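In this note's numbering, the protein residues as written are 362 to 996. We put the beta carbon where it would ideally sit given N, CA and C, even for glycine. Since the model is a prediction, treat every value here as computed from it, not as a measurement. For reference, the structure discussed in these notes is given below.
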């Protein structure tokens, strides 16, 4: 026997013999509760393992058929790879037959076999009529082309044929993302004496092994896997498509519930909205109406939501469109996850869809429509990566792409290699970003244009300050990346630093006459003042007998050229003074290790505020790094 990463879902109307059929196939009675056995109906999810004809082991989920327990059915159906669709020969097609089939379609299940049960209770004519009715229903559904097998859990008719057919279709059923990050929506939480807390579910992607460090989302609760079971047996690993039970530590039972997800930290993001392609199912008795409340079922989670359509006021049965779905309680999700919408009264399944973008900002209808190309692109991983990078062409963190598309670093690197003519990467401040190659040329061009225009408008100034350049040329670029793109433009030799300012190469301000006299007087005053008695910027003009406006202009130029250094709004010093402070800091750290603020203050002979201003300047420049109240040198 060998374990096989596939989960079979037994679905269908109440009292059509799902649990009896699963028992006939597996030998396991999936009704765990006394109430289920007493009433003869399945209330919650049941689990078993099935040995297929070729010896492989698959997981089986027995879902409730009663309309009242559809929410439990959905929690199990979310993890199904192929359907064992059960219809009794004596009842044939019933309301939950149609509803369960719609749910399977919304969840993307396209492989299965139809078991026509209870054949021992009907005559040949009734069986033939049932076969015709069932065939007509199935051929118009997601299970079109699936084999219909008459069977009986009582007589054993068709049981081996069912096993053979499940064996065949399991080889062609779509598999889950084995190379992705580990992710398992939780459907049960319980404790075992002597072992502790256990969570169970279907592994949606990746794999888990004992000692793996994981999180539970929402809440980002850190946990560790102690033991792992796969299809009910202790295992070294459980992979995508497996039914798994994980013995965990780090949280209490009362912190967990069905609907949470245990996963790798990279994909732990939980959100209160998403943008999706939404479908009103062809069998729905109701429309999907803009702004109306519905019950959202996303993997094992259930919550009330509102659906905001992009264009139409409503979607009729059989129609689809783009919508934002918003709700109150956060749910972990990824691009490509499927969901189901039911009426807020929980009486009808209305439709469902596929998540295109988890989270994001609330968007109005016009904006949703204007981004139609983006939504189309997000239906495919390659085009989705293009779309996400295109949304922030100056730099999209690789961690974000890995999380949205469930792509570990090697898998994402492989995708980016395929897109190397369009997308490249850069590292900045310990993070890696993907950027649009074509857009990058425009970004550098915008920087050059801004510097050129500044020179035209301000001929007397040395150049434009970096913060001003960022606001002028890169208003849309994330703050942490403006410095990277300015330095990229500098590395292209199209602009250059002069002190703290940026200017065109070969363009310098020449001082002569009164300007040179003022310049030298101001520099002398700051050099003489040193650290302890540096002139106050707003008072230096009085000390030198100069006009205030002229003094301010000259101090600004000297700060740009680097002759003066502004440490704080009210604290400017001469560059030679700063160099002395730097040497004192280096000598102390190299001799005695990290230096505390108080020690550095005493070494300089200045007040605490001045020492902090100097140290924070070195921190900003990347010369030192702070830990608690000490500084060390950055290698």
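Cβ atoms of residue 495 and residue 463 stay farther apart than 8 Å, at about 16 Å. Here the alpha carbon of residue 388 sits roughly 28 Å from the alpha carbon of residue 569. In its chain, beyond the 5 residues on either side, 949 have a beta carbon closer than 8 Å to the beta carbon of residue 960. In the pairwise beta carbon analysis, the segment 533–553 is classified as touching the segment 621–629: at least three pairs are separated by under 8 Å. Counting along the chain, no alpha helix (DSSP H) covers residue 644, and no H or E run does either. The three-state reading of DSSP puts residue 608 in strand, counting E and B together.
Residue 647 is positioned such that its CB atom lies closer than 8 Å to that of residue 711.
Between the alpha carbons of residue 914 and residue 687 lies a gap of roughly 53 Å.
If you check the CB distance, residue 972 and residue 958 come in under 8 Å.
Boundaries of the beta strand (DSSP E) around residue 588: 582–591.
Rounded to the nearest whole angstrom, the C-alpha separation of residue 669 and residue 441 is 29 Å.
Beta-bridge analysis with DSSP links residue 480 to no other residue. Taking C-beta atoms under 8 Å as the contact rule, residue 683 and residue 700 fail to qualify, at a distance of about 14 Å. Its chain contains 443, 530, 534 as the residues whose beta carbon lies nearer than 6 Å to that of residue 472, once the 5 sequence neighbours on both sides are disregarded; these appear in chain order. Taking the Cα of residue 814 as reference, the smallest distance to any Cα among 778, 864, 828, 842 is reached at 864. Residue 842 and residue 984 have their C-alpha atoms spaced approximately 19 Å apart.
Burial is judged here by how many other beta carbons sit within 10 angstroms of a residue's own beta carbon; residue 516 has fewer than 16 and is exposed. A distance below 7 Å between beta-carbons, with the five flanking residues on each side excluded, links residue 764 to the following residues of its chain, in chain order: 627, 628, 630. As the crow flies, the alpha-carbon of residue 416 is around 35 Å from that of residue 584. In this structure, DSSP gives residue 755 a state outside helix and strand, which the three-state scheme calls coil. Straight-line measurement puts the Cα of residue 851 at about 36 Å from the Cα of residue 967. Within its own chain, the residues whose Cβ lies closer than 8 Å to the Cβ of residue 912, once the five positions on either side in sequence are excluded, are 879, 883, 901, 902, 905, listed in chain order.
Taking 8 Å as the cut-off, the beta carbon of residue 475 is found closer than this to the beta carbon of residue 510. Within its own chain, the residues whose Cβ lies closer than 7 Å to the Cβ of residue 696, once the five positions on either side in sequence are excluded, are 716, 717, 718, 719, 739, 745, 765, 766, listed in chain order. Comparing C-alpha distances from residue 477 to each of 795, 729, 513 shows the shortest one belongs to 513. Rounded to the nearest angstrom, the gap between the Cα atoms of residue 639 and residue 485 is 43 Å. When only Cα atoms are considered, residue 409 and residue 587 end up about 23 Å apart. Per DSSP, residue 667 is one residue of the beta strand (DSSP E) stretching across 662–670.
Two segments are said to touch when three or more pairs of C-beta atoms, one from each, lie closer than 8 Å; by this definition the segment 563–581 touches the segment 590–606.
One Cα belongs to residue 921, the other to residue 829, and the distance between them is close to 12 Å.
The C-beta of residue 770 has fewer than 16 other C-beta atoms within 10 Å across all chains shown, which makes the residue exposed. CA-to-CA, the gap between residue 726 and residue 840 works out to about 29 Å. With contacts defined as CB atoms closer than 8 Å, residue 742 and residue 750 fail to qualify as a contacting pair.
Straight across, the Cα-Cα distance linking residue 713 with residue 679 is about 11 Å. By the neighbour-count definition (other C-beta atoms within 10 Å, threshold 16), residue 467 is a buried residue.
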